[in-house]
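So this is what it looks like as structure tokens:
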């Protein structure tokens with residue numbers, strides 16, 4: 014089935030609020046096995062039962078995708094009552110779901126305040142392709158970086174997302190796509206064939222993942238746990254703007270694929286486009302990439318490069334890019350810029366993008382041009398928006414994230 018056959022027109026659906034999410038109960042989702050064991054012991058579960066109970070809960074949460082304690086049929090009734098009284102396993106509240114006419118789905122999700130003054134919202138995007146389904150996940154509400162071509166760069170950070178909230182995006186998407194046992198995909202949905210609708214995840218949504226390292230680490234290790242959600246680490250990509258000290262830790266402690274938001278090949282330009290470059294300039298960033306653990310032709314680093322007309326798209330830029338990446342097993346994703354209200358940047362002409370790509374290809378690097386997805390529902394790269402605020406603000410702040418398909422392995 015083609016995308017056009019699957020979905021004929023954009024769909025925008027507001028969904029029912031979930032007041033139970035504001036109960037204040039701690040969630041079992043996002044806890045490591047060790048932390049879950051401690052939480053159960055604190056509520057009186059006998060030491061001799063703890064390991065077995067953790068194994069049961071892990072299976073129900075991450076293999077079966079259960080979000081109601083009563084559905085845990087091999088757990089005793091009194092145990093289920095204790096769990097329901099003290100814990101939650103609820104999904105995020107879906108404020109709105111939108112479906113593009115190209116099959117892209119976008120969810121506006123609401124999370125409890127957790128010190129931010131009032132509930133916060135982020136957007137999560139699912140990008141279906143013929144052989145894969147990629148879910149783009151946020152790590153923060155807002156962003157502390159100020160990348161000039163990204164709308165999020167004009168906003169401020171509200172707070173980090175917890176491991177529970179990061180995983181909650183994946184669990185919610187799998188629910189909505191019928192990607193757990195016993196669930197069916199929505200009628201007329203464009204999803205890849207095979208056992209899984211979500212085959213890849215990318216940490217490329219709102220925020221800088223490496224400024225929320227511990228929560229991102231916990232969430233991704235649970236997502237890749239072989240006895241649970243069981244996503245291959247080669248199908249998980251973490252994108253960073255260049256937080257150099259945490260790049261090596263990412264390879265050593267998480268072991269997922271790495272993507273770098275590069276966007277410029279000269280320090281003076283990157284200082285403007287990606288201001289974290291002033292702290293970690295190109296030489297330091299690329300040295301960290303060369304030392305990334307397990308780096309090989311089979312585990313390449315992806316370099317993201319947004320194409321900005323008359324800014325970074327000349328053939329001279331392409332030549333410098335090839336020189337910079339010499340010796341680094343790499344793929345270069347060329348991203349046509351998607352305008353947003355108030356921006357002064359324009360997308361490079363398509364002919365120029367193709368010339369740029371051809372030069373890089375001839376130098377031996379794969380350089381796919383990313384087809385913009387979800388433009389009709391503002392889900393394309395650089396177009397996402399959520400509304401969140403602290404109590405002291407009188408107007409909500411708009412946020413945006415870059416959502417990019419085509420990352421991670423296909424097998």
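In the numbering used here, the protein residues as written are 14 to 424. Beta carbons are placed, not taken as given, at the ideal position from N, Cα and C, and that holds for glycine.
Handout entry: Check whether residue 301 and residue 257 have beta carbons under 8 Å apart
Key = In the chain shown, residue 301 corresponds to position 288, counting from 1. In the chain shown, residue 257 corresponds to position 244, counting from 1. Against a cut-off of 8 Å, the Cβ pair of residue 257 and residue 301 comes out as a contact.
Handout entry: Backbone CA spacing between residue 309 and residue 272 [nearest angstrom]
Key = What you label residue 309 is simply residue 296 of the chain shown in a count that begins at 1. What you label residue 272 is simply residue 259 of the chain shown in a count that begins at 1. The alpha-carbon atoms of residue 309 and residue 272 are separated by roughly 14 Å.
Handout entry: 8 Å Cβ shell around residue 320 - same chain, five flanking residues per side excluded
Key = Residue numbering aside, residue 320 sits at position 307 when the chain shown is read from its first letter. Taken in chain order, the residues that qualify are 326, 347, 348, 349, 350, 360, 361, 365, 366, 369.
Handout entry: DSSP state of residue 277 mapped onto helix, strand, coil
Key = Against the chain shown, residue 277 aligns to sequence position 264. Looking at residue 277 - three-state DSSP - the assignment turns out to be coil, as it is neither helix nor strand.
Practice task
Below 8 Å CB to CB, which residues in the same chain sit around residue 54 once its five sequence neighbours on both sides are set aside?
Solution key: Taking the chain shown and counting its residues from 1, one reaches residue 54 at position 41. If we look at residue 54 and ignore the five residues flanking it on each side, its Cβ neighbours are 60, 63.
Handout entry: Buried versus exposed call for residue 113 [16 or more other C-beta atoms within 10 Å across all chains shown]
Key = Here residue 113 refers to the residue found at position 100 of the chain shown. Burial call: buried.
Practice task
Report the residue ranges of all beta strand (DSSP E) runs contained in full by the stretch 162-244; include only those spanning at least 3 residues, in chain order.
Solution key: You should have 213-216.
Handout entry: Bounding residues of the alpha helix (DSSP H) (the contiguous stretch that carries residue 98)
Key = The count along the chain shown starts at 1 and reaches residue 98 at position 85. Residue range 90-99 is occupied by the alpha helix (DSSP H) that includes residue 98.
Exercise for the section: Tell me residue 134's beta-bridge partners as DSSP assigns them. Expected result: Translated into positions along the chain shown, residue 134 becomes position 121. According to DSSP, which records beta bridges pairwise, residue 134 is partnered with 123.
Exercise for the section: Scan the stretch 279-343 and note each continuous alpha helix (DSSP H) run of 4 residues or more that stays entirely inside, going in chain order. Expected result: Runs of the alpha helix (DSSP H) inside the stretch 279-343: 280-286, 295-303, 328-337.
Practice task
In the DSSP assignment, find the alpha helix (DSSP H) that holds residue 259 and state where it starts and stops.
Solution key: Taking the first residue of the chain shown as 1, we reach residue 259 at position 246. Boundaries of the alpha helix (DSSP H) harbouring residue 259: 257-262, taken from the DSSP string.
Exercise for the section: Could you tell me the distance, in whole angstroms, from the CA atom of residue 395 to the CA atom of residue 217? Expected result: Within the chain shown, the letter at position 382 stands for residue 395. Within the chain shown, the letter at position 204 stands for residue 217. For residue 395, the predicted structure reports a pLDDT of 45, less than 50, and the residue's modelled location is therefore unreliable. A value from the coordinates is still provided. Using only the alpha carbons, I get a separation of about 11 Å.
Problem - Reduced DSSP secondary structure (H/G/I, E/B, other) of residue 68 - result: Here the question's residue 68 lines up with position 55 in the chain shown. Residue 68: helix per DSSP, three-state reduction.
Practice task
In the DSSP assignment, find the alpha helix (DSSP H) that holds residue 53 and state where it starts and stops.
Solution key: Counting from one through the chain shown, the residue named residue 53 turns up at place 40. Per DSSP, residue 53 is one residue of the alpha helix (DSSP H) stretching across 46-55.
Practice task
Taking residue 138 as the reference, give the member of 157, 43, 172, 184 with the closest Cα.
Solution key: Here residue 138 corresponds to residue number 125 of the chain shown, with the count starting at 1. The shortest CA-to-CA distance from residue 138 to any of 157, 43, 172, 184 is the one to 184.
Problem - Whether residue 222 touches residue 253 by CB criterion (8 Å) - result: For the purposes of this step, residue 222 is identified with residue 209 of the chain shown, where counting begins at 1. For the purposes of this step, residue 253 is identified with residue 240 of the chain shown, where counting begins at 1. Cβ atoms of residue 222 and residue 253: closer than 8 Å.
Problem - Beta-carbon proximity of residue 188 to residue 180, cut-off 8 Å - result: Residue mapping note: residue 188 aligns to position 175 of the chain shown, counting from 1. Residue mapping note: residue 180 aligns to position 167 of the chain shown, counting from 1. Taking the C-beta atoms as reference points, residue 180 is found no nearer than 8 Å to residue 188.
Problem - Cα-Cα separation between residue 298 and residue 339, rounded to whole angstroms - result: Counted from its first residue, the chain shown places residue 298 at position 285. Counted from its first residue, the chain shown places residue 339 at position 326. Each residue's CA atom was taken as its position, placing residue 298 and residue 339 some 14 Å apart.
Handout entry: Where residue 9 falls: helix, strand or coil (DSSP)
Key = Past the edges of the chain, shown from 14 to 424, lies residue 9, and the structure says nothing about it.
Problem - Coil, strand or helix - residue 84 by DSSP - result: On the chain shown, residue 84 is found 71 positions in, with the first residue counted as 1. Correct three-state label for residue 84: helix.
Problem - Own chain residues within Cβ distance below 6 Å of residue 182, not counting five before or after - result: Here residue 182 corresponds to residue number 169 of the chain shown, with the count starting at 1. Result list for residue 182: 137, 150, in chain order.
Problem - Cα-Cα separation between residue 178 and residue 39, rounded to whole angstroms - result: Walking along the chain shown from the start, residue 178 turns up at place 165. Walking along the chain shown from the start, residue 39 turns up at place 26. Answer to the nearest angstrom: the Cα atoms are 12 Å apart.
Exercise for the section: Can you tell me which of 241, 242, 262 puts its alpha carbon nearest to the alpha carbon of residue 251? Expected result: For the purposes of this step, residue 251 is identified with residue 238 of the chain shown, where counting begins at 1. When each option's Cα is compared against that of residue 251, the closest is 262.
Practice task
Could you give the DSSP three-state label for residue 41: helix, strand or coil?
Solution key: Against the chain shown, residue 41 aligns to sequence position 28. Secondary structure at residue 41: coil, using DSSP grouped into helix, strand and coil.
Practice task
Could you tell me which residues DSSP pairs with residue 346 in its beta bridges?
Solution key: On the chain shown, position 333 is the one that residue 346 refers to. Beta-bridge pairing links residue 346 to 317.
Problem - residue 139 (DSSP reduced to helix, strand or coil) - result: To locate residue 139, count along the chain shown from 1; it is residue 126. It is a strand residue.
Problem - Alpha carbon of residue 214 to alpha carbon of residue 148, nearest angstrom - result: Counted from its first residue, the chain shown places residue 214 at position 201. Counted from its first residue, the chain shown places residue 148 at position 135. Our two residues, residue 214 and residue 148, have alpha carbons roughly 5 Å apart in a direct line.
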